[in-house]
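What follows is one structure encoded as structure tokens, with my remarks underneath.
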């Protein structure tokens, strides 16, 4: 089974986010009819959890061409291509209509527990690529089901698997016990989560764009509620990638974000702990005690809330019985890993890639989207759409198209429009950046 022919319509897509639904669209326009399994109750369930966050990418980089083609046939209108949406707008204005188009093919509340080869263990090589995949999943009613498929596309993302506080990749003592005092990702500090942060002491761990967004939102809250306190922990001695470039940064949005943080630091609005390594967490009668090693010296700080913005990583348990070809560091497909190395690339400088870079040892199994990037934070929706376009062409035998790069992005990236426009309009850098987040999606 080297390729799935046009009359073999057994493709399972796991995940009904932007890339999963784009995969369904590309497969559909090529004559296939995939089944989509989504563990949430709606399409884009993960994005809805950060629905308050405004991305840096305008609408023209958020939608997929095949999906747009299908939706326009229903009378759907594309949002203003130059406007910049928040996550909830992406869900409401794009993903919900997309999911409605595939209403007979998407199964919600379907948690995939494992993907295996039919009747063949991982240790058996002979005939392995001649048998279908078996996708095991459990519905909300706890009943378990299986689907057989000639190809499987895993687009489940990484949002549900954040990195823990421990610098060694595991939770620190007390992290799990006091989990209710910890938020992973980007809380809605100025909205529904405000009560958790107003007049409270917050410790933010992480030195990337997500951390900066939380810091800037909390500073806006502090301007109205002066008792609000902030501590910012960086794991390294500095955050050059965040604050180093300023207006000379190759990515204008990144430079503007760094300038905003510099502005806040110069104003003495928060305290930096760097390099900081959290050792343990414990509860007290008045808050949460954090023992942290700061530049080699152990100290204790008491806070009310902890926000962890140290990135995400792929959840690979359900793929345990498949033969994968993963880079041991980034946990991305081996051929893709050097193309997305965050030490070399930003979200706009990752080169187009497709089926060749995403192929695993078990043929016709693919991890796509954010999960394909493993631990690298450089993902952009458009690169995910190019991934599934290439895979869809491969699955129907369009080999030349599958290997052709059909994505063209600006050399300096696309994460810039909203901040530049705001700055040119006379808005202060802090105000412009705090309304957005360099969440490359």
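Numbering (our numbering), first residue to last: 30 to 470.
Beta carbons: idealized from backbone N, C-alpha and C, even for Gly.
Predicted model, so just to flag it, every value in this text is computed and none were measured.
Cβ distance (whole Å) where residue i is taken to contact residue j below 8 Å
i	j	result
residue 227	residue 262	That belief does not hold up - the Cβ atoms of residue 227 and residue 262 are roughly 21 Å apart, past 8 Å.
residue 201	residue 307	5 Å
residue 355	residue 342	The pair is not a contact, with the Cβ atoms about 12 Å apart (cut-off 8 Å).
residue 194	residue 204	5 Å
residue 229	residue 333	4 Å
residue 244	residue 42	Residue 244 to residue 42, Cβ: 37 Å. No contact.
residue 432	residue 385	6 Å
residue 352	residue 391	5 Å
residue 52	residue 184	6 Å
Backbone CA spacing between residue i and residue j [nearest angstrom]
i	j	result
residue 221	residue 212	14 Å
residue 180	residue 302	48 Å
residue 199	residue 192	8 Å
residue 156	residue 360	27 Å
residue 138	residue 290	41 Å
residue 145	residue 152	12 Å
residue 380	residue 368	7 Å
residue 223	residue 338	18 Å
residue 177	residue 163	5 Å
residue 310	residue 209	12 Å
residue 300	residue 231	11 Å
residue 73	residue 110	20 Å
residue 398	residue 366	13 Å
residue 116	residue 425	33 Å
residue 64	residue 95	17 Å
residue 39	residue 393	11 Å
residue 400	residue 346	13 Å
residue 349	residue 250	44 Å
residue 60	residue 92	21 Å
residue 131	residue 71	12 Å
residue 446	residue 409	In this prediction, residue 446 scores a pLDDT of 35, lower than 50, which makes its location untrustworthy; the coordinate-derived value is nonetheless stated afterwards. When rounded, the distance between both Cα atoms is 15 Å.
residue 99	residue 382	24 Å
Three-way DSSP call (helix, strand, coil) for residue i in this model
i	result
residue 165	strand
residue 370	coil
residue 312	strand
residue 133	coil
residue 216	coil
residue 363	coil
residue 435	coil
residue 258	strand
residue 123	helix
residue 45	coil
residue 234	strand
residue 90	helix
residue 173	strand
residue 280	The predicted model places residue 280 with a pLDDT of 42, which falls under 50 and marks its position as unreliable, so this point remains unresolved.
residue 72	coil
residue 160	coil
residue 84	coil
Check: residue i C-beta below 7 Å from any heavy atom of the ligand HEM
i	result
residue 129	Judged by which ligands are present, the structure shown has none, so any question about the ligand HEM falls away.
Beta-bridge pairing of residue i - partner residues as DSSP gives them
i	result
residue 329	320
residue 24	Absent from the model: residue 24. The displayed extent of the chain is 30 to 470, so no value can be given.
residue 341	191
residue 300	260
residue 143	165
residue 355	362
Worksheet item: Which residue spans inside the segment 384-425 form an unbroken alpha helix (DSSP H) run of at least 4?
Response: Uninterrupted alpha helix (DSSP H) stretches at least 4 residues long and entirely within the segment 384-425 occur at 384-387, 410-424, given in chain order.
Worksheet item: Of all the beta strand (DSSP E) runs that stay within the bounds of the segment 179-227, which reach a length of 3 or more residues?
Response: As far as the segment 179-227 is concerned, its whole beta strand (DSSP E) runs of at least 3 residues are 180-183, 211-213.
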